[in-house]
Amino acid sequence: MNLGNELFKFDALANFVGIFITLFSLLIVIYSFGFMRQRKGMFQYYIYIILTLLASLGVVFSNNLILLIVFWGFLGLLLYLLIGFGQKERTPSTAKKAFIIIGGTDALMLLGLAFIWKIAGSLTMDKISIALNTKVAIWTYLCLAAGAFAKAGAMPFHTWVPDTAEDAPTPVTAFLPASLDKLLGIYFLARITLDIFQMNGAMNTLLMGLGSFTIIAAVMMALVQHDLKRLLGYHAVSQVGYMVLGIGTGNPIGIAGGLFHMLNNTIYKSCLFLGGGAVEKRTGTTDLDKLGGFAKIMPVTFVTFLIASLAISGVPPFNGFVSKWMVYQGIIDTSKDGSYLWILWLVAAMFGSALTLASFMKLVHAVFLGQRSKEQKAPSDNRKETSSSMLIPTVTLASLCVIFGVFAYQIPLKLFIFPSLKMTDTVFYGIWSPGLATGLIIVGIVVGIIIYLLGTVAKTRETEIFVGGEIVKEHPEMRLSGTEFYNTIKEMGFLRTIYRLAEKKVFDIYDIGKTITSGFNKVLGTLHNGVLPTYLAWCLLGMIILFFILLR
Amino acid sequence: MMKGSIIPLFVAIPLAGAFLTSFIGKKIEKLPDGLGLFTSFILFVLSLSAVRLYNIHGILTYSVGGWRPPVGIGMVLDGLTAFMLVTVNFVAFCIVIYSINYMKKFTSKWKFYTLFFLMLAGMNGVIITGDIFNLFVFLEIASVASYALVAFGTERHELEAAFKYAVMGTVGSLFILLGIAFLYGYTSTLNMADMGNILATNGINNIVLMVSVLFLMGFGLKAALVPFHAWLPDAHPSAPAPISAMLSGVLIKSLGIYAICRIFYNVIGINPVMSSMLMFLGTLSMVIGGLLALRQWDLKRLLAYSSISQVGYIILGIGLGTPLGILGGLFHLFNHSVFKSLLFLNSGAIEYSTGTRDLREMGGLAQRMPVTSTTGFVGAMSIAGIPPFSGFWSKLIIIIAAVQAGRYGYAFLAVLVTILTLAMYMKVIKYAFLGNLQEKWNKVKEIPFFMKLSMGILAFVCLVVGLVAGMAFLTGMDQTFIHRASETLLEGTRYAGIVLKEIK
């Protein structure tokens, strides 16, 4: 029994994350019944999903670092296996890349674990408390944080997320990179930041810097994507920035905001992926150039997708707004220590939010609004909503977006977030009462409808869509797909270089590693020329050096 | 005396098996398989009972021909010996099962079994002997048999590899012999326990240091430590798959690592300089082997380089000299024996079905060979150190031990090489098993039953050892049998006194 206490613990934070892990697993299984139908190896697929659920719960409830890392590493393996269910040409490479990045940072975590044993003499998580005042302690923290960052997909270990989003089956993307891996990564980051280590200012600043950078860089990449799932994948990276930023603020409101954002992000991000998957299932493509006009065909999916898009962009009254608002407050709160960096973080966070909205306008337009592309002008039997097993999860998640936004205090914050942080009450800057705001918004919409209705009574003229004086309908070769909205950004002087380098994967830690190792390889390869006398010469040389060292 | 009479059987039985096969095996077709299976099974059971005997009675000794050491040849069964015997004989047993089907494509099976058991007798001899010259003799028996086995296919590149291996192996043996001669001249005894006693009283001087270098080079060559490793990437891939598995799985460990452990810990006595030397060589092998493995496209060559890298881990762990480090090193030795044999058998299975070893020509084989791909995956995950498979635990222990000893740099390199290992095995899986099946492999068949059985056993051991180790790790690990083996090393030169007391 004593051993059980040392190995597992059930505190508020763990319970909170555990509940949502189970919920998401359930939704994904329901969704998979529809999405993965008629594919091979489904028995294995569900086994892996269940194992993933169990291992994730294992991570969350472990109180022993070794146990945690065992479950954690096992999750990387499961991720690899699950990505393998994708049917694209590049799927094996993507799976390999994801696993190497995840497995590599897991190895760094082992080093961190070894350091913790050295410093603290214990691996029971609630008994360790390390001050970040020695070099070793800082390295320990960085090693462990690397694992959390890679899992959650924060920079610089993020590159597997967009690739996975594109090449893995959609439910898998929605399940692991978009929800479970985020929950676990941020959970672990919160654990080490709040419980195991006593943070100092410099480390907090580093976290906030990484967070802000992640937000901006990933959202800029998202703006120029042409693939539905890849675009969402970059947003999955970008949103992690807010969580890291929130936890990095080091004050209660910011941390609560970070955790709340983690929860919200998993909700709307899986909703987005699942909605995108519904479109993919219907059309067989995720290329934005080939999509368009799905609002009429799949109205329910459209509404859920729209709600989730607004939530991720931080539009009130949805949940994303509340958590971002809390993160902003946390950032402003850091101004107390006298440094002016908070302005930078705040600008990054807000600007990132605006860019998110911009990229989702493009996405929603390209997929659901706009015109249907030629390839998709299919026969009329195409006109139906997706199957119910795929609708239930998206509708559930979209309604959670609304509920957690409107009743932010009453439900998620009070029940889950504040108990996890042992906070009883928090001070909010400014006046933000979601209930009132929602009321006002509803009133606004109603007034708008009334004005619209009144307006139609008046004399108006309806016409076809036209561009540059030409009616679009009459020119079938002319089509506004929406993907070109932000191409101008790509052409701006400084940004152009960055984008070009990013496309060459210069910033990809995986490719950097590849280049370095192949450099070493070339040198070593020339030394292994297969000539026996050379090999014998090394042996003798080695022995002479040993003699020299020992008998000097 | 009676209790110890199990010890010489480990040499006598494989030798008898070897000679019986060569006399009768030519005439009766099925006999070599049956005899081989029987012999190796008996050896495996005996090794298990040796562990039991050691646990009951402690160290056991046997004097060959009734001549008492230090005059006669003594044989010793202690914790480390029992541990090594189980490892070697277990892997040998699995490999014999595999060979039943695999070696069909070679003409003279009886020659194979004869050489195989000769090699096994040599390895067991090295492990159980208590006499340093006797160790050299057994080492040469095993080496010479392995030279012949590398050339078993008698193709051009196999002969070339065997030639290189023979030349370099002989150079290594020569230096070992020279070292033994010096030690004999210095201590006037060949019994290792006796020698250890005398060296302990005389203290370390230049002769001993010089002998250490000679041994380090000689046994390091047998263990394929960088820079003495260059024979291995040619020799191991060229041999037939079961022999590759035997060479990489246990030969380099019993001739190289075991001998290094025994001599440096129990005879000469470890000192800080030697310890750091071992760690340095270990880390060097780890890194260079890992980097080189990554660029190979020949599956077996990749595995061979990876063996160099993994031996580096073992030597790093053992070189640390702390209880945890030795424990980790020995545990990794056992694990590596199991999963590297498994992986070599796997490569053999692929070669058996498709006839190629080039990763670029494979692809999608998981669809045609489910058992091979599953066991291969288990082996790859074990060696890459993914929990909960066995390799994870031994690497974890080594990394923790390195950090505990304050060797942060080595710990960091060990972690980096883990990533390299993961990368190289992901490459293997991606190119061999995943992706689209090429047209020419549409008719590829899964391998026959005994090959599957053997690989299945090894993969099962990878998983079970991982789980058991996990339980042991979380609940305290004082009772495991590897722990007994590491205690033997930790006793250091006091071992001599214990063994001598038992003899007299």
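Heads up: the sequence lines are chains A and B, in that order.
Per numbering that gives the first Met the number 0, the first sequence starts with residue 0, numbered consecutively.
Per numbering that gives the first Met the number 0, the second sequence starts with residue 0, numbered consecutively.
We put the beta carbon where it would ideally sit given N, CA and C, even for glycine.
Same chain, Cβ closer than 7 Å to residue i, neighbours up to 5 away in sequence not counted
i, result
"A:W344", "M207, S211, L244 and I330"
"B:P412", "Residue identity differs from the one stated: residue 412 of chain B is Leu in this sequence, not Pro. The answer, listed in chain order, is T282, M285 and V286."
"B:Y409", "M278, T282, L315 and A401"
"B:K25", "W109"
"B:V387", "Just to set this straight, residue 387 of chain B is Pro in the shown sequence, not Val. Cβ neighbours of B:P387 beyond the five flanking positions: G465, L466 and G469."
Cβ-based neighbour list, residue i, same chain, cut-off 6 Å, excluding 5 preceding and 5 following
i, result
"B:V460", "V337"
"A:G72", "D105"
"B:I99", "D32 and F449"
"A:K513", "none"
"A:I430", "The predicted position of A:I430 is uncertain, since its pLDDT is 48 and thus under 50; a value taken from the coordinates is nonetheless stated next. Once the five neighbours on either side are set aside, A:I430 has no close Cβ partner at all."
C-beta atoms of residue i and residue j nearer than 9 Å
i, j, result
"B:I399", "B:L466", "no"
"A:A149", "A:G184", "yes"
"A:K87", "A:E165", "yes"
"B:I242", "B:S145", "yes"
"B:N345", "B:T371", "yes"
"A:S358", "A:L230", "yes"
"A:L535", "B:V143", "no"
"B:K108", "B:L59", "no"
"A:T204", "A:A153", "no"
"A:M542", "B:L213", "yes"
Chain-ordered neighbours of residue i on chain A, where CB pairs are closer than 8 Å
i, result
"B:A410", "L110 and A113"
"B:W230", "Y534"
"B:M167", "L531, Y534, L535 and C538"
"B:G129", "Those within 8 Å of B:G129 in chain A number zero; the least Cβ separation is about 27 Å."
"B:M380", "L76"
"B:A383", "G102"
Where residue i meets chain A, residues with beta-carbon distance less than 9 Å
i, result
"B:K429", "P91, S92, A94 and K95"
Residue i to residue j span [Cα, whole Å]
i, j, result
"B:A240", "A:L258", "54 Å"
"B:Q437", "B:G363", "7 Å"
"A:K95", "B:Y185", "56 Å"
"B:E157", "B:I94", "20 Å"
"A:P532", "B:T153", "23 Å"
"A:F19", "A:A151", "16 Å"
"A:V445", "A:L26", "33 Å"
"A:S61", "A:V69", "10 Å"
"A:P378", "A:R281", "Residue confidence for A:P378 is low, a pLDDT of 45 falling below 50, so the modelled location carries little weight and cannot support an answer."
"A:T192", "A:G232", "26 Å"
"B:L231", "A:G120", "41 Å"
"A:L399", "A:V171", "21 Å"
"A:D380", "A:V278", "Only weak support exists for where A:D380 lies, its pLDDT of 46 falling under 50; the value from the coordinates is given anyway. If I take the Cα positions, the gap works out to 15 Å."
Opposing strand residues paired with residue i [DSSP bridges]
i, result
"A:S61", "A:F7"
"B:V75", "B:T60"
"A:Q197", "A:A130"
"B:N190", "B:D130"
"A:D286", "A:D226"
"B:D233", "Beta-bridge pairing links B:D233 to no other residue."
"A:T123", "A:N63"
"B:D357", "B:D297"
Where residue i meets chain B, residues with beta-carbon distance less than 7 Å
i, result
"A:M542", "V212 and M216"
"A:K117", "V402 and Q403"
"A:A553", "Limits of chain A in this structure are 0 at one end and 551 at the other, which puts residue 553 of chain A out of reach."
"A:F519", "L290"
"A:I65", "F472 and L473"
Within chain A, partners of residue i - CB distance below 7 Å
i, result
"B:A240", "What B:A240 touches in chain A: nothing, since even the nearest Cβ is about 22 Å away."
"B:T417", "A106"
"B:A468", "Per Cβ cutoff of 7 Å: no residues; B:A468 is ~11 Å from chain A at best."
"B:A422", "I99"
Cβ neighbours of residue i in the same chain (closer than 8 Å, five flanking residues each side left out)
i, result
"A:I508", "I100, P155, F156 and T158"
"B:I385", "F391 and L421"
"B:I251", "K221, A222, A223, L231, S306 and V310"
"A:L122", "N63, L64, I65, L112, I115 and W116"
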